[in-house]
Each structure stands twice: as C-alpha cells, then as structure tokens.
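*Asks:* Sending over a structure as structure tokens; questions will come in a sec.
Protein chains: 2
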Amino acid sequence: MAATIKDIAKMVGVSPSTVSRVVNRTAPISEETQEKIREAMKKLNYHPNSTARNLASGASCTIGLVIDAADEGTFANSFFNRSVYAIEKTLQEHAYSLLITNNRPVSSIRSLVYEKRVDGLIIPPASLDEETVKFLEEEHFPFVVLGEPEIGQTRTTWVDVDNRKGSREAVVHLCRQGFRRIVMIVRNDRTVFARNRIYGYQDGVTEICPPQVIYVEEPDGQPRPPEQADAEFWTDGQAAKLEELAVRLVGEGKADAFLCADNEIAYHVLRALRGAGIRIPEEAGVVTFDNYPLAPFMDPPLTAVDVDTSRLGKAAAELLIQSIHEADRPPRQVLIGASLIRRMSSAGKEGQ
Amino acid sequence: MAATIKDIAKMVGVSPSTVSRVVNRTAPISEETQEKIREAMKKLNYHPNSTARNLASGASCTIGLVIDAADEGTFANSFFNRSVYAIEKTLQEHAYSLLITNNRPVSSIRSLVYEKRVDGLIIPPASLDEETVKFLEEEHFPFVVLGEPEIGQTRTTWVDVDNRKGSREAVVHLCRQGFRRIVMIVRNDRTVFARNRIYGYQDGVTEICPPQVIYVEEPDGQPRPPEQADAEFWTDGQAAKLEELAVRLVGEGKADAFLCADNEIAYHVLRALRGAGIRIPEEAGVVTFDNYPLAPFMDPPLTAVDVDTSRLGKAAAELLIQSIHEADRPPRQVLIGASLIRRMSSAGKEGQ
DNA sequence: TTGTACGCGTTATCAA
DNA sequence: TTGATAACGCGTACAA
Chain W
425 MAATIKDIAK MVGVSPSTVS RVVNRTAPIS EETQEKIREA MKKLNYHPNS TARNLASGAS
485 CTIGLVIDAA DEGTFANSFF NRSVYAIEKT LQEHAYSLLI TNNRPVSSIR SLVYEKRVDG
545 LIIPPASLDE ETVKFLEEEH FPFVVLGEPE IGQTRTTWVD VDNRKGSREA VVHLCRQGFR
605 RIVMIVRNDR TVFARNRIYG YQDGVTEICP PQVIYVEEPD GQPRPPEQAD AEFWTDGQAA
665 KLEELAVRLV GEGKADAFLC ADNEIAYHVL RALRGAGIRI PEEAGVVTFD NYPLAPFMDP
725 PLTAVDVDTS RLGKAAAELL IQSIHEADRP PRQVLIGASL IRRMSSAGKE GQ
Chain P
425 MAATIKDIAK MVGVSPSTVS RVVNRTAPIS EETQEKIREA MKKLNYHPNS TARNLASGAS
485 CTIGLVIDAA DEGTFANSFF NRSVYAIEKT LQEHAYSLLI TNNRPVSSIR SLVYEKRVDG
545 LIIPPASLDE ETVKFLEEEH FPFVVLGEPE IGQTRTTWVD VDNRKGSREA VVHLCRQGFR
605 RIVMIVRNDR TVFARNRIYG YQDGVTEICP PQVIYVEEPD GQPRPPEQAD AEFWTDGQAA
665 KLEELAVRLV GEGKADAFLC ADNEIAYHVL RALRGAGIRI PEEAGVVTFD NYPLAPFMDP
725 PLTAVDVDTS RLGKAAAELL IQSIHEADRP PRQVLIGASL IRRMSSAGKE GQ
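In order, the protein sequence lines correspond to chains W and P. Heads up: the first sequence begins at 425 in the working numbering, then just goes up one per residue. Heads up: the second sequence begins at 425 in the working numbering, then just goes up one per residue.
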C-alpha cells in the first residue's frame with residue numbers, strides 16, 4: 425500500500441497535521457522536524473493522495489474542456505485541437521488538471537458541475553445554448569467560451585481570434601500589392617467567425633472596390649449534417665461552379681484577387697486559375713484563412729491569415745483561472761490578433 | 425450548499441447507507457423507501473460528489489491520456505488528436521473520465537500514478553522510454569501505448585494501424601492498375617510507423633520490381649528539432665531535389681508509380697510531374713499515406729491509405745479498461761486495418 | 001512550533 | 001431490508 429500522511433507521522437514521531445503543514449508549507453515548522461519529515465517522505469516514497477486532498481479542500485483542481493462531436497472533422501475542431509496544448513500547459517503552470525469531455529450525444533456539462541468533477545469549464549460556441557448559459561450563471565460556475573459565441577456575447581467571458589481585423593488586414597495587403605478588385609469567397613455565413621471574416625473584408629475593401637461575397641453553398645442549403653462533416657462534403661457541382669466562376673470573374677476583369685475563407689476554397693481557386701492559364705500572382709492574387717500544413721507547398725505557395733492557437737489557448741486558460749479565484753468577476757472578452765503569412769500567391773505584379 | 429447523502433437521509437428518515445444503496449443499487453431496498461428517497465433526491469437536486477466517491481471507493485474512474493509536446497504539429501500529433509474523440513466516447517460508455525496531460529517539459533506520468541489521479545494511462549510511443557516501462561510494470565499500473573512503441577513491443581500492450589499491411593495493399597493496388605516500377609518515398613526511417621510502411625512496401629513490391637526507397641532527408645540529417653516541427657521544415661533544397669528526382673525517374677523509365685509516406689511528399693511529386701508534362705494517372709501513379717482534408721482536391725485527387733482513428737481510439741480505450749478490471753492480464757498487441765481510398769491519382773492507363 | 005479533534009461525502013462491514 | 005460505525009487520506013480550527 426502507498427504511504428499516507430499518518431505513516432510519515434508515525435515514523436517521525438509527530439502528528440499527521442505537522443506532516444501536512446510541511447507538505448503544504450501552511451505553517452512554520454522547525455527546521456529539525458522538517459528535515460526528519462522530508463527524510464521519512466523520501467524513505468516511504470510518500471505522495472499526497474489527490475482525491476483525499478480534493479475532498480478535504482473542496483476543490484477538484486481540474487478544468488473541464490468540452491468538445492463537441494458535431495465539430496469532429498470540421499475546421500472548428502482542428503482549431504480547437506490545436507489550442508489544447510497551450511491550455512494544458514497553462515493549466516499545469518497553475519496546478520490544474522485538464523479533463524476532456526464530449527458534449528454529445530448527451531450534455532455532460534451539468535453532471536460535471538453537479539458532481540463537482542471540475543472547478544471551471546472551457547466551452548466551444550457550438551455547445552453554448554441559452555439554457556446552458558442560464559444554468560452556469562445560476563450556479564455561479566466559472567466558464568470561458570473558446571471562440572465568440574452566437575449568444576451572450578456580452579454576458580459571457582470568451583476568447584477568439586480577431587477574425588475581423590485579420591480579414592481587413594488581408595484586404596489591405598492585397599491592395600498594397602496592387603490588386604484592386606478583391607472578391608471574398610466563403611462557404612456560408614452560419615458561423616460567427618465566418619461572419620466576422622466577411623465584416624472585416626467589407627471594412628477593408630470599402631475604399632477600394634464594391635464588396636462582392638461569393639457563397640459556395642446554395643443559399644437554401646441545409647446545415648451541413650455532422651456525419652458528412654468532412655472534405656468530401658463538397659459536391660462536384662459546387663466545386664465546378666466555384667472554379668468556373670473564379671475564372672470568369674478574372675476573365676471579365678471583375679476580379680483580380682480572392683480572399684478565401686478556407687484552404688479548400690483556396691485550392692479550388694488556385695487550380696481553376698492555373699487550369700485557365702491565369703498566372704498567379706501576376707494576374708490574380710489569392711489569400712486564404714488558416715495556415716494548413718500544405719499551404720506552403722501550394723502552387724504557388726499560399727499567403728494565409730494565421731491563427732495563433734497557442735496564444736488563444738493560453739488566454740482562455742488564464743481567464744478561467746482568474747474567474748475561479750475571483751468569483752463574480754464581470755465577463756470579459758479577449759481578441760487575439762491574427763497574423764498574415766506572406767507567400768507568393770499574393771505578391772502582385774511586381775513580386776514581393 | 426449542495427445536498428449530500430445525509431440531507432436526503434434526514435429528509436426521508438432513513439440512514440445515509442440506505443440512500444447510498446439506492447443510488448448505487450448495491451443492495452435490495454423496499455420499493456416504498458426507494459420511492460421516497462428518489463423523491464427527496466429530486467427535491468433537493470441531489471448529485472453524488474465524485475471526489476468523495478473516489479476517495480471511499482479507492483478508484484479515480486479517470487484515464488490519463490499523455491500527450492507529447494515534441495509531437496506538436498507533427499503527423500503523429502494529428503493522428504493522436506483524431507483518436508481523442510473515440511477514446512473519450514468509449515471511456516464515457518464505461519463511466520470513465522479522460523484527463524489530458526502533457527509529458528513535457530517534465531514527465532507527468534509518475535505523479536499521475538503516485539497521486540492516484542488516474543486508474544490507467546494511454547501513452548504515445550514518444551513518451552515511452554525504458555525507465556517508464558519499468559516504473560509502470562513495477563507499480564502494476566495499467567497502460568496502453570497508442571502506436572507501436574520503439575521498445576517493449578512484446579512486454580507492453582499497444583494498438584496501432586497495420587501500416588505494413590496497408591503499405592503492401594497500396595503496392596498491390598498500383599500493380600493491379602498496371603504500374604510496374606513502383607518507388608517509395610519517405611522522409612526518414614526514424615519512427616516505427618515509417619519503418620513498417622517501408623517493410624510493407626518491400627513485402628508487396630518484391631515480385632513486381634526491385635524495391636527502391638528514396639529518403640527526403642539527408643542520411644546524416646539531424647533529428648527534427650521540435651521548434652521547427654511544422655511544414656516549413658522542408659528546405660527548398662530538399663523539395664527541389666525530390667521534385668527533380670521524381671521527374672527524372674519517370675523520364676528514364678525507372679519509375680511509373682510513387683508510394684509517398686505523407687501528403688507533403690505526395691504534393692511535391694504531383695506538382696513536379698505535372699510541371700514536367702507527365703500525365704497522372706496515365707503515365708505515372710501516385711498513392712499517399714494519410715487522408716488529409718485536401719487530398720480529394722488534389723490535381724488529380726489523391727489515392728490514400730487511410731487510418732481509421734476512431735477504431736484505433738476505441739480499441740485503445742477498451743484494452744485499457746480490460747487491463748484495469750483484470751489485473752496482470754498478459755500484454756496484447758492489436759493492429760487496426762488500414763483502408764485504401766481509391767481516387768484518380770492511381771487509376772492507371774485504363775482509368776478506374 | 002506542535003498536537004487534538006473533527007469534517008469533507010461517500011462506501012463498506014457488520015450486525016440486527 | 002435496514003442502521004450503526006468505521007474507514008478513505010487529508011486539511012484545519014482550536015488549543016496548547
């Protein structure tokens with residue numbers, strides 16, 4: 425059996441509380457006893473039992489990270505995944521553990537809270553409905569939303585990438601490189617981040633040319649069913665239409681640059697223009713959101729608005745820990761700046 | 425304050441143990457008292473305190489998933505990430521929670537075990553050194569390695585994709601499509617999975633043509649430093665050499681198909697062949713490992729050996745739970761079959 | 001500086 | 001079918 429605080433006490437000839445005090449530095453103990461206690465701890469290979477600690481102290485020292493199976497395979501998911509390293513690292517620095525829990529098929533949030541499994545929650549926007557917000561507010565339970573939520577933007581604490589600013593900067597960059605007819609292509613505008621990217625595009629483009637947004641999905645398109653939530657979702661018709669449209673717009677002089685909301689769109693645009701003999705970046709520029717692993721190898725290498733998920737995860741974890749330590753702290757919203765990774769696809773006529 | 429088992433007992437007029445029995449169905453209780461107790465639970469919104477439960481029962485009902493920061497941004501990581509959904513889902517079905525912990529900069533494994541934070545561990549091969557194996561064996565602590573480890577292949581329980589078989593099947597597929605000079609291109613052979621893919625290639629190709637393996641990295645190449653562990657690691661020199669080589673091999677009739685160990689290699693091959701006017705799949709076939717999101721959009725769409733991470737994660741979780749319930753069960757190794765996703769890049773002269 | 005005594009919320013043993 | 005009672009391992013007033 426593993427040694428307990430009592431075994432140490434018995435061995436040294438002190439009371440358990442003295443041992444506890446040495447372990448937690450919670451009261452001054454004479455150097456001499458400390459020395460003996462530490463020695464005994466070494467000898468018996470003592471390690472405090474976290475469960476007993478948590479029970480006595482009333483805190484689990486654990487944070488719950490809710491993931492949403494509906495996001496599996498989507499960009500929101502990869503975005504979320506990449507934040508986990510930074511979240512865990514930051515929590516570890518504050519002596520918290522990270523519990524991962526799926527919110528589907530049944531919501532796990534309530535039981536985590538009721539059963540006191542966690543001291544705080546990090547929640548994706550997809551898992552945050554009105555009912556959940558109300559529940560957490562009533563329980564005075566600390567939580568942070570990882571990504572701007574659809575609801576409760578001012579009532580909740582959240583962290584997100586500044587998509588709007590990133591989008592605007594991409595447009596400004598394209599303009600500086602000499603492009604004047606910048607068109608944005610998005611899949612749809614059903615997510616907050618897609619809308620923010622569109623707003624940013626509109627912000628930036630307004631003095632340059634009339635804004636023009638192309639939607640890949642049919643306007644009456646149904647929400648993407650989760651079981652189809654992978655790349656194959658693209659129908660041949662959508663891809664063909666997109667490619668044809670991109671070529672036609674350039675041909676008719678209505679576009680000389682594209683801001684693509686994701687890498688898949690960007691890839692189709694690249695392929696279409698290349699196939700039509702339109703030279704990139706001399707005759708058309710392309711910028712994408714999200715720096716996928718293959719972006720540097722595209723033909724030509726793709727300029728990308730990059731998301732710094734490690735800053736994002738760190739911010740989320742720190743906000744949450746602050747909320748835990750300082751109860752009833754007013755909700756705060758944090759935006760993390762995106763950065764533009766300049767590659768050949770947006771260099772312009774003169775080259776970079 | 426949250427209601428406890430005592431509050432329920434007091435309200436109904438029974439002893440706390442009776443309430444516990446109703447909650448856990450651990451002894452027969454009269455319908456009448458059960459009814460009253462359930463009612464009181466509803467009324468007081470009772471939920472068992474998991475910490476107290478764990479302390480009393482001596483189990484944490486939590487599994488630790490170790491992640492390795494050295495893998496961040498590598499394929500091993502994305503492979504790992506995609507398994508998390510299935511791991512969590514499977515654990516949830518068995519009433520276990522999932523704790524994520526980084527093994528860097530300091531090893532977290534020992535403290536997790538000593539402090540009784542978890543009942544079992546899922547560990548990546550990168551975090552499994554000889555010392556760790558010995559420690560876990562001595563503690564009789566249940567663990568599963570997620571991916572074939574470098575050491576202790578027979579002493580440890582592990583799950584992996586059957587890379588060797590998948591590789592062999594890719595070769596057989598290429599052969600059936602009419603290709604006869606199949607060359608494998610890998611980054612290096614420093615990982616177990618890379619070596620297994622090479623073995624599988626050798627297995628399959630042996631009756632068709634002499635095996636020929638190309639290494640992208642210099643033979644004297646230093647191990648990839650973690651801080652550079654992203655796509656940009658490719659030097660221009662490496663990429664150029666690879667592309668030139670691929671074109672030359674086809675030109676000289678020494679290759680008519682390439683089995684690429686990852687998508688980045690495959691992308692360079694596609695680009696080089698396309699640039700040289702070599703038609704795919706008529707004049708050369710290409711197959712890659714790992715079905716990246718962009719693989720279906722490549723030009724032409726890329727045939728890929730696919731890894732079913734949900735089966736992998738499920739198997740890992742189930743093996744671990746079995747090890748926990750049946751102590752000192754002998755180590756087992758499980759291989760999950762890979763599947764070939766046939767796309768245009770390997771269709772051959774006749775088309776598919 | 002140290003010890004005593006109790007509580008945290010639950011499960012488990014034993015007896016009734 | 002139920003109730004005392006004692007763990008589980010630790011933290012912490014309170015007292016000394």
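Virtual Cβ for every residue (Gly too), placed ideally from N, Cα, C. Since this is a predicted model, take the numbers as computed values, not measurements.
Note down the Cα distance separating PRO647 (chain P) from ASP495 (chain P), rounded to an integer number of angstroms.
*Replies:* Residue numbering aside, residue 647 (chain P) sits at position 223 when the second sequence is read from its first letter. Residue numbering aside, residue 495 (chain P) sits at position 71 when the second sequence is read from its first letter. Model confidence at PRO647 (chain P) stands at a pLDDT of 45, short of 50, so the residue's coordinates are unreliable; what they give is reported in the following sentence. Distance between the alpha carbons of PRO647 (chain P) and ASP495 (chain P): 13 Å.
*Asks:* Give the DSSP-derived three-state secondary structure of LEU522 (chain P) in the structure shown.
*Replies:* The count along the second sequence starts at 1 and reaches residue 522 (chain P) at position 98. If DSSP states are grouped into helix, strand and coil, LEU522 (chain P) belongs with the strands.
*Asks:* If you reduce the DSSP assignment to three classes, tell me which class THR727 (chain P) lands in.
*Replies:* Within the second sequence, residue 727 (chain P) is the residue found at index 303, counting from 1. Three-state DSSP puts THR727 (chain P) in a strand.
*Asks:* Using a beta-carbon distance below 8 Å, is PHE721 (chain W) in contact with chain P?
*Replies:* Residue 721 (chain W) sits at position 297 when you count from the first residue of the first sequence. PHE721 (chain W) counts as touching chain P.
*Asks:* Can you tell me which of the three DSSP states ALA685 (chain P) falls into?
*Replies:* Here residue 685 (chain P) refers to the residue found at position 261 when the second sequence is read from its first residue. ALA685 (chain P) falls in the coil class under three-state DSSP.
*Asks:* On the DSSP bridge list, what partners appear for MET465 (chain W)?
*Replies:* Counted from its first residue, the first sequence places residue 465 (chain W) at position 41. None; MET465 (chain W) has no bridge partner.
*Asks:* Are there 16 or more other CB atoms within 10 angstroms of the CB of VAL610 (chain W), so buried, or fewer, so exposed?
*Replies:* Here residue 610 (chain W) corresponds to residue number 186 of the first sequence, with the count starting at 1. Counting Cβ neighbours within 10 Å, VAL610 (chain W) comes out buried, since at least 16 surround it.
*Asks:* Got a sec: which bits of the segment 556 to 574 of chain W sit with their beta carbon under 7 Å from any beta carbon on chain P, in order along the chain?
*Replies:* Here the close residues number zero.
*Asks:* Give a yes or no on whether 8 Å exceeds the smallest Cβ distance from ASN687 (chain W) to chain P.
*Replies:* Looking up residue 687 (chain W) in the first sequence gives position 263. Taking Cβ atoms only, chain P reaches closer than 8 Å to ASN687 (chain W), which makes this a yes.
*Asks:* Which first and last residues belong to the beta strand (DSSP E) in which VAL557 (chain W) is found?
*Replies:* Counting from one through the first sequence, the residue named residue 557 (chain W) turns up at place 133. That residue, VAL557 (chain W), is in no beta strand (DSSP E); its alpha helix (DSSP H) goes 554 to 562.
*Asks:* Using the three-state DSSP reduction, which class does GLN776 (chain W) fall into: helix, strand or coil?
*Replies:* As a first step, residue 776 (chain W) is located in the first sequence; it is residue number 352 there, counting from the start. Because GLN776 (chain W) carries a pLDDT of 47, less than 50, the predicted location of this residue cannot be relied on, and no value is offered for it.
*Asks:* Quick one: what's got a C-beta closer than 7 Å to ALA739 (chain W)'s C-beta in the same chain, skipping five residues either side?
*Replies:* Within the first sequence, the letter at position 315 stands for residue 739 (chain W). Within the same chain, ALA739 (chain W) has close Cβ partners VAL583, VAL758, ILE760.
*Asks:* Under 8 Å Cβ-Cβ, which residues of chain P neighbour ILE524 (chain W)?
*Replies:* The residue you call residue 524 (chain W) lines up with position 100 of the first sequence. Neighbours of ILE524 (chain W) on chain P, chain order: LEU489, VAL508, GLU512, LEU522, LEU523, ILE524.
*Asks:* Just the Cα atoms here: how many angstroms apart are GLU555 (chain P) and SER441 (chain P)?
*Replies:* Translated into the one-based positions of the second sequence, residue 555 (chain P) becomes position 131. Translated into the one-based positions of the second sequence, residue 441 (chain P) becomes position 17. Using only the alpha carbons, I get a separation of about 44 Å.
*Asks:* What are the boundary residues of the alpha helix (DSSP H) that includes ASP627 (chain W)?
*Replies:* For the purposes of this step, residue 627 (chain W) is identified with residue 203 of the first sequence, where counting begins at 1. It spans 616 to 629 - the alpha helix (DSSP H) in which ASP627 (chain W) sits, taken as one unbroken run.
*Asks:* Since HIS597 (chain W) and SER770 (chain W) should fall inside the 8 Å C-beta cutoff, what is the C-beta to C-beta distance between them, to a whole number of angstroms?
*Replies:* Position 173 of the first sequence, counting from 1, holds the residue named residue 597 (chain W). Position 346 of the first sequence, counting from 1, holds the residue named residue 770 (chain W). Correct: roughly 7 Å between the Cβ atoms.
*Asks:* Thinking ILE487 (chain P) and LEU744 (chain P) are a contact (beta carbons under 8 Å), I'd like their distance in whole angstroms, please.
*Replies:* Position 63 of the second sequence, counted from the first residue, corresponds to residue 487 (chain P). Position 320 of the second sequence, counted from the first residue, corresponds to residue 744 (chain P). Correct: roughly 6 Å between the Cβ atoms.
*Asks:* Which chain P residues sit within Cβ distance under 7 Å of LYS540 (chain W)?
*Replies:* Locating residue 540 (chain W) in the first sequence gives position 116, counting from the first residue. Under the 7 Å cutoff, chain P gives ASN473, SER474, THR475.
*Asks:* Taking only the alpha-carbon atoms, compute the straight-line gap between ASP714 (chain W) and VAL729 (chain W) and give it to the nearest angstrom.
*Replies:* In the first sequence, the residue the question calls residue 714 (chain W) occupies position 290. In the first sequence, the residue the question calls residue 729 (chain W) occupies position 305. Those two C-alpha atoms are separated by around 6 Å.
*Asks:* Is it buried or exposed, HIS749 (chain P), if we count other Cβ atoms within 10 angstroms and call 16 or more buried?
*Replies:* Along the second sequence, read from residue 1 onward, the residue named residue 749 (chain P) stands at position 325. With fewer than 16 Cβ atoms within 10 Å of its Cβ, HIS749 (chain P) is classed as exposed.
*Asks:* Comparing the C-beta of ARG735 (chain P) with each C-beta of chain W, is any distance below 8 Å?
*Replies:* Locating residue 735 (chain P) in the second sequence gives position 311, counting from the first residue. ARG735 (chain P) does not count as touching chain W.
*Asks:* Which two residues bound the contiguous alpha helix (DSSP H) that contains TYR538 (chain W)?
*Replies:* Counting from 1 along the first sequence, the entry for residue 538 (chain W) is found at position 114. Per DSSP, TYR538 (chain W) belongs to the alpha helix (DSSP H) from 533 to 538.
*Asks:* Does the beta-carbon of GLU572 (chain W) have 16 or more other beta-carbons within 10 angstroms, so that it is buried, or is it exposed?
*Replies:* Start at 1 with the first residue of the first sequence, and residue 572 (chain W) comes out as number 148. Counting Cβ neighbours within 10 Å, GLU572 (chain W) comes out buried, since at least 16 surround it.
*Asks:* At what residues does the beta strand (DSSP E) containing THR486 (chain P) begin and finish?
*Replies:* If you number the second sequence from 1, residue 486 (chain P) lands on position 62. Unbroken beta strand (DSSP E) run through THR486 (chain P): 486 to 491.
*Asks:* Taking only beta-carbon atoms, is TYR716 (chain W) less than 8 Å away from chain P?
*Replies:* For the purposes of this step, residue 716 (chain W) is taken as the residue at position 292 of the first sequence. It does; some Cβ of chain P falls within 8 Å.
*Asks:* Within the 8 Å Cβ cut-off, does GLU496 (chain W) reach chain P?
*Replies:* Along the first sequence, read from residue 1 onward, the residue named residue 496 (chain W) stands at position 72. Yes, because at least one Cβ of chain P sits closer than 8 Å to the Cβ of GLU496 (chain W).
*Asks:* Just confirm the distance between the C-beta atoms of GLN601 (chain W) and GLY772 (chain W), as a whole number of angstroms; I'd bet it's less than 8 Å.
*Replies:* Your numbering for residue 601 (chain W) matches position 177 in the first sequence. Your numbering for residue 772 (chain W) matches position 348 in the first sequence. That belief holds up - the Cβ atoms of GLN601 (chain W) and GLY772 (chain W) are roughly 3 Å apart, short of 8 Å.
*Asks:* Flag this pair as yes or no: are the beta carbons of ASP680 (chain W) and ARG605 (chain W) separated by less than 8 Å?
*Replies:* As a position in the first sequence, residue 680 (chain W) is number 256, starting the count at 1. As a position in the first sequence, residue 605 (chain W) is number 181, starting the count at 1. Contact flag set, yes.
*Asks:* Return the Cβ separation of LEU479 (chain P) and THR475 (chain W) in integer angstroms, given the expectation that the two are a contact with Cβ distance under 8 Å.
*Replies:* As a first step, residue 479 (chain P) is located in the second sequence; it is residue number 55 there, counting from the start. As a first step, residue 475 (chain W) is located in the first sequence; it is residue number 51 there, counting from the start. 5 Å between Cβ atoms; contact.
*Asks:* If VAL595 (chain W) sits next to VAL629 (chain W), beta carbons under 8 Å apart, how far is it from one beta carbon to the other, in whole angstroms?
*Replies:* Locating residue 595 (chain W) in the first sequence gives position 171, counting from the first residue. Locating residue 629 (chain W) in the first sequence gives position 205, counting from the first residue. The pair is a contact, with the Cβ atoms about 5 Å apart (cut-off 8 Å).
*Asks:* Between ALA618 (chain W) and the ligand SAM, is there a pair consisting of the residue's CB and a ligand heavy atom that are separated by less than 7 Å?
*Replies:* In the structure on display, the ligand SAM does not appear, and there are no ligands present to speak of.
*Asks:* Counting only beta-carbon atoms, is ARG695 (chain P) nearer than 8 Å to chain W?
*Replies:* As a working mapping, residue 695 (chain P) is identified with position 271 in the second sequence. Answer yes: the Cβ-Cβ gap between ARG695 (chain P) and chain W drops below 8 Å somewhere.
*Asks:* Assign GLN757 (chain P) to one of three DSSP states: helix, strand, or coil.
*Replies:* The residue you call residue 757 (chain P) lines up with position 333 of the second sequence. Three-state result, GLN757 (chain P): strand.
*Asks:* Between which two residues does the alpha helix (DSSP H) holding ASP431 (chain P) run?
*Replies:* Indexing the second sequence from 1 puts residue 431 (chain P) at position 7. Where ASP431 (chain P) is concerned, the enclosing alpha helix (DSSP H) stretches over 429 to 436.
*Asks:* Mind reading off the beta-carbon distance from PHE509 (chain W) to CYS485 (chain W)? Whole number of angstroms is fine, and I expect it under 8 Å.
*Replies:* Within the first sequence, the letter at position 85 stands for residue 509 (chain W). Within the first sequence, the letter at position 61 stands for residue 485 (chain W). The question names Phe, but residue 509 (chain W) in the sequence shown is Tyr. Incorrect: roughly 20 Å between the Cβ atoms, too far for contact.
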